[in-house]
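Structure record follows, encoded as structure tokens.
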Amino acid sequence: MTIAPASFDPDAALARFRRANVEAGAIASFIGQVRPGDANDPTESLALEYYPGLAEREIENFAADALKRWPLKAIEIIHRVGAMAPGEPIVFVAAAADHRRAAFEAVDFLMDYLKSEAPFWKQEKRASGTRWIEPRSEDYADIARWRDGERERKI
Amino acid sequence: MTIAPASFDPDAALARFRRANVEAGAIASFIGQVRPGDANDPTESLALEYYPGLAEREIENFAADALKRWPLKAIEIIHRVGAMAPGEPIVFVAAAADHRRAAFEAVDFLMDYLKSEAPFWKQEKRASGTRWIEPRSEDYADIARWRDGERERKI
Amino acid sequence: MNETRLLFFGPLREAAGGGERLVQLPDEVATPAGVIDWISAGDEVLAARLAQPDIRIAVDQKIVDRDASFDGAEEIAFLPPFSGG
Amino acid sequence: MNETRLLFFGPLREAAGGGERLVQLPDEVATPAGVIDWISAGDEVLAARLAQPDIRIAVDQKIVDRDASFDGAEEIAFLPPFSGG
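Residue numbers (numbering that gives the first Met the number 0), protein chains in the order written: chain A, 0 to 154; chain B, 0 to 154; chain C, 0 to 84; chain D, 0 to 84.
Below is the structure:
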């Protein structure tokens with residue numbers, strides 16, 4: 000798990016992860032990037048702040064939880080902090096497993112937790128002004144899936 | 000969509016896909032690799048045969064279906080055919096969208112369809128002999144998810 | 000009379016003793032089910048294999064029902080359960 | 000008497016007029032709820048903001064309930080809803 004204070008290369012991260020996991024049949028990954036904003040009010044930059052110490056520990060906790068929930072070979076998480084331009088990667092998550100379902104569900108789970116259970120805050124700067132990004136109602140619905148047992152299908 | 004008769008580089012494929020989709024907030028991807036087999040009966044090689052013409056058309060059909068089901072910016076599918084060694088990539092699928100749920104579900108959907116609805120056949124060569132791989136019961140269960148409306152959650 | 004190319008994929012290729020056959024179908028053989036009866040006459044192993052419901056059949060690269068009649072076919076393919084991805 | 004570092008993240012930093020305060024908490028202030036009352040005395044805007052139930056509180060880097068008493072704290076952080084990923 001890495002907190003990246005400067006721009007990172009998610010493609011290279013995937014290549015490294017894959018080389019370290021050639022014995023895994025399935026590698027699922029996710030890359031989040033800074034969105035361009037509205038055409039008539041484009042995003043100029045995104046500032047991501049975090050709580051050092053607690054962020055790392057929370058991420059390690061739910062990565063360990065994922066390793067218990069699914070038969071995974073490995074997990075990789077890179078989360079950017081600091082000021083970013085549109086198009087820059089914010090987050091990279093990958094999971095390696097024997098079969099695809101475990102890999103998919105683990106990446107999905109980790110992203111839901113990164114979105115609403117790790118102490119990061121995003122502030123968007125647009126021509127029209129600066130605003131803090133609030134979690135969307137979908138983010139709360141997403142994370143609730145892992146609590147109510149809906150996804151506890153046998154894999 | 001590409002049928003690759005020789006080894007391909009999924010990391011480079013993701014890098015290209017990402018460069019073509021810097022405006023997408025979310026990029027989900029999947030890489031399938033030849034598994035090593037059992038320790039006491041390792042896989043020597045995997046031969047993947049396909050029905051040229053029909054395979055491409057079926058894949059294009061369900062890629063078009065995915066583009067209708069989810070608000071996607073782009074899809075990429077590369078499927079290897081021919082003889083492969085353990086660890087070699089078999090399949091690469093990526094989807095780009097504004098938000099992660101659409102990208103995740105599209106990749107999941109496309110993999111389910113590639114597994115059991117496109118005319119590919121895998122033959123595994125091990126020290127103990129050669130066998131054709133049959134779909135697992137999980138593969139049928141996976142694809143049924145997209146028919147019964149279970150996943151038709153609003154995104 | 001036109002020739003029809005029969006294709007057998009994956010494990011069916013072994014059951015059929017080869018991946019491809021060029022045949023001249025009699026006029027009355029105009030459905031996949033009819034083709035199966037015709038080609039597996041006298042070959043119980045192939046007959047049993049092709050009778051399995053999980054075998055899909057494509058006529059001119061379109062997957063069709065076994066009872067769907069065709070009016071001439073250039074290519075008929077017998078497709079055992081897929082295992083891609 | 001030991002000093003406690005109060006941290007305000009994200010939009011709370013603006014409400015608190017800064018991201019960090021060094022304070023000496025009175026002995027009787029020994030829960031997050033007590034700290035909130037103490038620091039927002041006379042500051043209705045901050046009081047209202049910290050009263051919102053979606054604000055999480057970490058004492059020495061551990062997220063705790065508002066009523067969980069602590070026996071000395073080096074660092075108390077006020078965390079508005081997270082927006083990572």
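Beta carbons: idealized from backbone N, C-alpha and C, even for Gly. Remember, predicted model here, so these are calculated numbers, not experimental data.
Asked: Check each residue of the segment 3-16 of chain D: if its Cβ is closer than 7 Å to any Cβ of chain A, include it; give the result in chain order.; Found: 8, 9 and 10
Asked: Taking C-beta pairs closer than 7 Å, name the residues in chain A that residue 45 of chain D reaches, listed in chain order.; Found: Near residue 45 of chain D there are no residues of chain A at all, since even the closest Cβ is about 16 Å away, more than 7 Å.
Asked: Give me the subset of the segment 108-123 of chain B whose CB atoms are less than 7 Å from a CB atom of chain C, sorted by chain position.; Found: 110, 113, 114, 115, 116, 117, 118, 119, 120 and 121
Asked: Using a Cβ-Cβ cut-off of less than 7 Å, give me the residues of the segment 72-93 of chain A that come near chain B, in sequence order.; Found: 86
Asked: Can you say whether residue 153 of chain B is buried or exposed, counting buried as having 16 or more other CB atoms within 10 angstroms of its CB?; Found: With a pLDDT of 40 at residue 153 of chain B, under the threshold of 50, the predicted position of this residue should be treated as unreliable, though the coordinate-derived value follows. Under this definition residue 153 of chain B is an exposed residue.
Asked: What is the DSSP secondary structure of residue 60 of chain B, reduced to helix, strand or coil?; Found: helix
Asked: Residue 22 of chain B CB to nearest chain A CB: under 7 Å?; Found: yes
Asked: For a test of the three-state rule: what should DSSP assign to residue 34 of chain A, helix, strand or coil?; Found: coil
Asked: Applying a beta-carbon distance threshold of less than 8 Å, which residues of chain C neighbour residue 69 of chain B?; Found: Ordered by position in chain C, no residue passes the 8 Å Cβ test against residue 69 of chain B, which lies about 19 Å from the chain.
Asked: Please list, in chain order, the chain E residues whose beta carbon lies closer than 8 Å to that of residue 52 of chain A.; Found: Looking at the structure shown, chain E is missing, and the protein chains on hand are A, B, C and D.
Asked: May I ask you to report which of helix, strand or coil DSSP gives residue 39 of chain C?; Found: coil
Asked: What separation, rounded to the nearest whole angstrom, lies between the Cα atoms of residue 88 of chain A and residue 100 of chain A?; Found: 25 Å
Asked: Does the distance from the CB of residue 102 of chain A to the CB of residue 25 of chain A come in under 7 Å?; Found: yes
Asked: Please report how far the alpha carbon of residue 129 of chain A lies from the alpha carbon of residue 118 of chain B, in whole angstroms.; Found: 52 Å
Asked: Find out if the Cβ-Cβ distance for the pair residue 78 of chain B, residue 132 of chain B is shorter than 7 Å.; Found: no
Asked: With DSSP collapsed to three states, give me the class of residue 9 of chain A.; Found: helix
Asked: Closer than 8 Å by beta-carbon distance: list the chain A residues that pair up with residue 14 of chain B, in chain order.; Found: 10
Asked: Would a check of beta-carbon distances place residue 58 of chain A closer than 7 Å to chain B?; Found: no
Asked: How is residue 27 of chain C classed by DSSP in three states: helix, strand or coil?; Found: coil
Asked: Given that residue 132 of chain B touches chain C, what residues does it touch there, using C-beta distances under 8 Å?; Found: 82
Asked: Jot down the residue ranges of each uninterrupted beta strand (DSSP E) in the segment 34-119 of chain B, minimum 3 residues, whole runs only, in chain order.; Found: 40-49, 71-79, 81-83 and 88-96
Asked: For residue 79 of chain D, go through chain A and note every residue whose CB falls closer than 9 Å to its CB, in chain order.; Found: 120, 131 and 133
Asked: Taking a contact to mean a Cβ-Cβ separation below 7 Å, would you say residue 94 of chain B touches residue 20 of chain B in this structure?; Found: no
Asked: Tell me where the alpha helix (DSSP H) around residue 142 of chain B begins and ends.; Found: 136-143
Asked: Expressed to the nearest angstrom, what Euclidean distance is found between the alpha-carbon atoms of residue 75 of chain D and residue 55 of chain A?; Found: 17 Å
Asked: Using the C-alpha atoms, what's the distance from residue 145 of chain B back to residue 143 of chain A?; Found: 21 Å
Asked: Can you tell me where the alpha helix (DSSP H) with residue 13 of chain C in it begins and where it stops?; Found: 10-15
Asked: Per the contact definition of three or more C-beta pairs closer than 8 Å, is the segment 3-10 of chain D in contact with the segment 64-83 of chain C?; Found: no
Asked: How would you label residue 83 of chain B, buried or exposed, when you count the other beta carbons within 10 angstroms and need 16 or more for buried?; Found: buried
Asked: Under 7 Å, do residue 126 of chain B and residue 8 of chain B count as touching if we go by C-beta distance?; Found: no
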